[in-house]
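In terms of the working numbering, the sequence shown opens at residue 69 and continues consecutively.
Ideal placement from N, C-alpha and C gives every residue a C-beta, glycine not left out.
Given the structure is predicted, the values throughout are model-derived calculations rather than measurements.
Everything below concerns the one structure shown next.
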Amino acid sequence: MRRPLIVKTGGTLPALRERRGDYEAWIADGMGLARDDVDVVAVGQGEPLPAPDAPAGVVVTGSSAMVSHREPWSERTAEWLARAVEHGTPVLGICYGHQLLAHALGGEVGPNPRGREIGTVVVRSLAPAQRDPLLGVWGEAGPAHVTHLESVLALPAGAVRLAESDLDPIQAFSAGARAWGVQFHPEFDAETVRAYLVARTELVRAEGLDPDALLAAIRETPGGPRILHRFAELIRLT
């Protein structure tokens, strides 16, 4: 039986991991799956990927690495993702995964010229999202958790921009009928993004942002779980 695959490109903060597990556990839970129901490949640690048409669907996690650094493991994963999309395997890229998917398909990724985006922000759907099989569950606008320095600066040819925020005009995109990237973290809850903001308080302050105001603005994001649940549904429908 084909199983969902989580491509693990990085890990969460050590203190969070000790208490609550890592990205793969949060993503599986958000999809309504047990951890044992998904395969996980830690590409950053050199683990090999299966054939690109083998998984039922693929979720690519976030990472503290930078896509623009073109690390060998990341470039190998990008090549694999391009083949997976070509085969029609459903793909969802999250944060780093969103950027890596765009890069894999010929888009441009680099430092966000608007600076760091962290905390809970409003993500607004664009007109094409209303009829999109995945982003259609988001609604017109809603809160989303983010933490990133790099962004998708230019979409691959033929990709469709689906959502934006004040600091990132490409918060979500689709590429063909079965591949999506979301810059925000649908697997995060308020406690998670709060921990990231606390860990980065001095960096945030040094960059001219107000960490206290950002902490006060954190709230739960009901749209995130809807995205993960819907992706699980789309996998089952293929």
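| Assigned secondary structure, W280 (DSSP; H/G/I helix, E/B strand, else coil) | This sequence places Asp at residue 280; Trp is not what is there. Of the three classes helix, strand and coil, the one that applies to D280 here is helix, per DSSP.
| Pick from A96, S233, V128, G187 that is closest to A300, judged by C-alpha positions | A96
| message | I'd like the ranges of any alpha helix (DSSP H) spanning at least 4 consecutive residues and lying wholly in the stretch 217 to 283. | response | 258 to 267, 269 to 274
| field | Short Cβ contact (7 Å threshold) for I286 with T188 | value | yes
| query | When burial is assigned at 16 or more other CB atoms within 10 Å of the CB, is Q113 buried or exposed? | reply | exposed
| request: Alpha carbon to alpha carbon, how far is V190 from P118? Give it in angstroms, no decimals. | output: Cα to Cα, P118 sits roughly 36 Å from V190.
| query | Among the residues of its own chain, which have a CB less than 7 Å from the CB of R62, if the five just before and after it don't count? | reply | With the chain running from 69 to 306 in the structure shown, residue 62 is simply not present.
| said: Short of 6 Å in beta carbon distance, which residues of its chain neighbour H171, apart from the five on each side in sequence? Order them along the chain. | reply: V135, A146, V177
| Of all the beta strand (DSSP E) runs that stay within the bounds of the stretch 191 to 217, which reach a length of 3 or more residues? | 209 to 216
| In the DSSP assignment, what residue or residues form a beta bridge with E176? | The beta-bridge partner set that DSSP reports for E176 consists of A222.
| At least one CB of chain E closer than 7 Å to the CB of V214: is that the case? | Looking for chain E here will not work: only one protein chain is present.
| message | Which of the three DSSP states is assigned to T188 in this structure? | response | Strand at T188.
| request: Note the first and the last residue of the continuous alpha helix (DSSP H) segment covering L73. | output: First-last for L73: 72 to 76, but that is the beta strand (DSSP E), not the alpha helix (DSSP H).
| query | Whose CA, out of R184, I162, A247, W148, lies closest to the CA of V272? | reply | R184
| Closest residue to E154 among G244, Y164, R298, M69 (Cα-Cα distance) | G244
| Identified DSSP bridge partners for I162 | V250
| task | Compute the beta-carbon to beta-carbon distance between L277 and A231, rounded to the nearest angstrom, for a pair I have assumed lies under 8 Å. | result | Wrong, their Cβ atoms sit about 22 Å apart, outside the cutoff.
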